[in-house]
Every structure is written in C-alpha cells, then in structure tokens.
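Peer 1: Structure in structure tokens, see below.
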Amino acid sequence: MAIKNGNPLVGVSRCLLGDAVRYDGKSKANVIVLEKLSKIFTFIPVCPEVEAGLSIPRPPVRLTHSIENPRLIGRDDPSIDVTDIMQQYCNTKPDELNQISGFIFKSRSPSCGLNSTPVFIEGRYVTETSRGIFARKLCDVYPDLAVIEDDDLADETHLDRFIETIDTNVKRKL
Ligand code: SF4
Numbered sequence: 215m216a217i218k219n220g221n222p223l224v225g226v227s228r229c230l231l232g233d234a235v236r237y238d239g240k241s242k243a244n245v246i247v248l249e250k251l252s253k254i255f256t257f258i259p260v261c262p263e264v265e266a267g268l269s270i271p272r273p274p275v276r277l278t279h280s281i282e283n284p285r286l287i288g289r290d291d292p293s294i295d296v297t298d299i300m301q302q303y304c305n306t307k308p309d310e311l312n313q314i315s316g317f318i319f320k321s322r323s324p325s326c327g328l329n330s331t332p333v334f335i336e337g338r339y340v341t342e343t344s345r346g347i348f349a350r351k352l353c354d355v356y357p358d359l360a361v362i363e364d365d366d367l368a369d370e371t372h373l374d375r376f377i378e379t380i381d382t383n384v385k386r387k388l
C-alpha cells in the first residue's frame, strides 16, 4: 500500500472535493469526504471528463446504445458523441493511478458512477444500475481495488467495509 503524508492514497471524483468541474459548472462537495475521510486518506483528485479535454461547463452526456458497451452521447443534443475521447483517456489513466488503494466515485455519473448510472436505449431508460465509463475501466484494470460511491458513504456498514478493506488500522485516526 502506497502512503503519502502518513495516509493511504485514495482516488476521488474531483467534484466531491468541492471543485466546480461538473457539466453545469458546479461541484458536489461531500461532507463525509471532506470532513471525515480526508483525515485518514491522502486524496488523488480525478475528473475524467475534464482530464479527457472536455470544457467546464459542457453539454451533459449520458450512457446510450448498450448496457455492456455503452456510448457517451449528448443528453440534449444526440449529435454530441464523446465516447472515443473518453475511451482514449480511460486507456491510459489507470496506469497513472497504480499507487492508489481505493477510489471514491460520484454516483449516477456517466463517467464516474459505480453501480448507479442510468442507460438509455432508443430514448428509453433501461437500467439505473450501470457503471460509468471511467469507473468501469478502473475496476476492470484493478479488480481488487476498494471502491465506493458517494450515495453509499452515509451507510456506516458500507463505509466501514470500504475503510477496512484499505487499512484495518486507519479507522483509529477518526
Ligand atoms: S462525476 Fe466525475 S466526470 Fe463528472 S464532474 Fe465529477 S469527477 Fe468529473
């Protein structure tokens, strides 16, 4: 396990840290991440959409076409297709994250959602439990990585399991 500033390295969807990187130019600051988990982990912030080259703000996108092999298409303008640019990013970014022990994802995002992202096929919503393109790739590359999404952080059992998977001793610091 890689340690920095005395704590395990953990990746986090950057908008959860309060950075205004979302498609609407806003953040999704999460109080558990900022006030609790920041005491026991050293965060590596990652915003796949911005790091792939998309702007802030930007047109919202959603997963379409297929549950297993989705495309990232504009929610309001279906002529927008950022699938290839995101896939290129996802092919290289996981190598840079080879020191992390866990990742905290933003729920429901077409890039970062872990088990909560909706998929639309032929304009109809077919599931709400799919995985964002970046989250899928990172979990494929590191199948043993400890992962959680922000919707589950308030569930103490879920959160404890995430923390203890990374380091059974780290909870003592809370
Ligand atoms: S959910 Fe992921 S891609 Fe979207 S703003 Fe947050 S970090 Fe960036």
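For what it's worth, the working numbering labels the leading residue of the sequence shown as 215, then goes sequentially.
We put the CB at the ideal spot given by N, CA and C, even for glycine.
Small disclaimer: the values here were computed from a predicted structure and weren't measured.
1) Around the C-beta of Y303, are 16 or more other C-beta atoms found within 10 angstroms, so that it is buried, or is it exposed?
2) Classify I347 as helix, strand or coil using the three-state DSSP reduction.
3) Is it true that the region 270 to 281 meets the region 329 to 337, where meeting means three or more beta-carbon pairs spaced less than 8 Å apart?
4) Would you decide whether Y339 is buried or exposed? Buried here means 16 or more other CB atoms lie within 10 Å of its CB.
5) What did DSSP end up calling E263 once you bin it into helix, strand or coil?
6) Helix, strand or coil, according to DSSP, for T382 in the structure here?
7) Check each candidate in L388, D364, V361 and Y237 and name the one with the smallest Cα separation from R289.
8) Once the 5 residues before and after V235 are set aside, which same chain residues still bring their CB inside 8 Å of it?
9) Here's the rule I'm using: 16 or more other beta-carbon atoms within 10 Å means buried, otherwise exposed. How should A243 be labelled?
10) Return the chain-ordered list of same chain residues with a C-beta closer than 6 Å to the C-beta of L367, the five sequence neighbours on each side being excluded.
11) Using the rule of at least 16 other Cβ atoms within 10 Å of the residue's Cβ for burial, across every protein chain shown, is L231 buried or exposed?
12) Got a sec: does ligand 1 put a non-hydrogen atom nearer than 7 Å to the Cβ of S315?
13) DSSP has N244 in a bridge; who is on the other side?
14) Can we count R236 as close to ligand 1, meaning its CB is less than 7 Å from some heavy atom?
15) Would you give the residue range spanned by the alpha helix (DSSP H) that P308 belongs to?
Peer 2: Taking the structure as given:
1) Sequence index remark: in the sequence shown, residue 303 carries index 89 (1-based). Burial call: buried.
2) Taking the sequence shown and counting its residues from 1, one reaches residue 347 at position 133. Reduced to three states, the DSSP call for I347 is helix.
3) Touching, yes, given that three or more Cβ pairs across the two stretches are closer than 8 Å.
4) The count along the sequence shown starts at 1 and reaches residue 339 at position 125. So Y339 ends up on the exposed side.
5) Residue numbering aside, residue 263 sits at position 49 when the sequence shown is read from its first letter. If DSSP states are grouped into helix, strand and coil, E263 belongs with the helices.
6) Looking up residue 382 in the sequence shown gives position 168. Note: T382 maps to coil in three-state DSSP.
7) Walking along the sequence shown from the start, residue 289 turns up at place 75. Ranking L388, D364, V361 and Y237 by Cα distance to R289 puts Y237 first.
8) Within the sequence shown, numbered from 1, the residue matching residue 235 stands at position 21. Contacts found: R228, C229, S241, C261, E263, V264 and I270.
9) In the sequence shown, counting from the first residue as 1, residue 243 sits at position 29. Classification for A243: exposed.
10) Counting from one through the sequence shown, the residue named residue 367 turns up at place 153. Around L367: I246 and L373.
11) Position 17 of the sequence shown, counted from the start, is the residue given in the question as residue 231. Buried: at least 16 other Cβ atoms inside 10 Å.
12) Locating residue 315 in the sequence shown gives position 101, counting from the first residue. Checking every heavy atom of ligand 1 against the Cβ of S315, none is found closer than 7 Å.
13) Indexing the sequence shown from 1 puts residue 244 at position 30. Answer is none; N244 lacks a bridge partner.
14) Here residue 236 refers to the residue found at position 22 of the sequence shown. In this structure, R236 has its CB closer than 7 Å to one or more heavy atoms of ligand 1.
15) Your numbering for residue 308 matches position 94 in the sequence shown. Here the alpha helix (DSSP H) through P308 covers T297 to E310.
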